[in-house]
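Here the structure comes first, spelled out in structure tokens, and everything after it is commentary.
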Amino acid sequence: MSIKNKRFIYMQEPDDREPLNTSRMKQFSGEDAVEARGLYAEQERFKVSGKLFMMCNNLPAINSMDRGTWRRVRLIPFESKFVNPGDKELGQPNVFLKDMNLNSKLKR
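Numbering-wise, the sequence shown is residues 1471 to 1578 according to our numbering.
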């Protein structure tokens, strides 16, 4: 139920030996309703309204070659790295100073 009415849905990176579960991805990104229940709650049907995101270091294997799968997959490289003041990588391309107050800014 943690995905109900959410706009951003984070998926765990699959194990290195496991291919991406494309049927589950299609189920959550399609128009069909899914069934789930919260802890100590009744089963419920709802449409997933958010976008699925999977952050991973290595791209998982995608064994399905159909158009429906590849229509749903987008690679978005996040090339920036944020480091503490004084870090030896600071000054290199795509390396930036970490905002130490970011958590408090986001809580507003």
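Using N, Cα and C, we set each Cβ at its ideal position, and we do this for glycine too.
From what residue to what residue does the alpha helix (DSSP H) around residue 1548 run? Premise fails: residue 1548 is in no alpha helix (DSSP H) and is neither H nor E.
Mind checking residue 1529: buried by the 16 CB within 10 Å criterion, or exposed? exposed
How many whole angstroms separate the CB atoms of residue 1489 and residue 1532, which I take to be in contact at a CB cut-off of 8 Å? 6 Å
Where residue 1570 falls, given that 16 or more other Cβ within 10 Å makes a residue buried: Residue burial is scored here from C-beta neighbours: residue 1570 has fewer than 16 other C-beta atoms within 10 angstroms and is therefore classed as exposed.
Beta-carbon contacts of residue 1517 that lie in its chain and below 6 Å, excluding the five residues immediately before and after: 1503
Which residues does DSSP pair with residue 1515 in a beta bridge? 1505
Return the chain-ordered list of same chain residues with a C-beta closer than 8 Å to the C-beta of residue 1551, the five sequence neighbours on each side being excluded. 1559, 1564, 1565 and 1566
From residue 1522 to residue 1572, what distance separates their C-alpha atoms? Roughly 24 Å between the two C-alpha positions.
Span separating the alpha-carbon of residue 1510 from that of residue 1548: Each residue's Cα considered, the two are about 38 Å apart.
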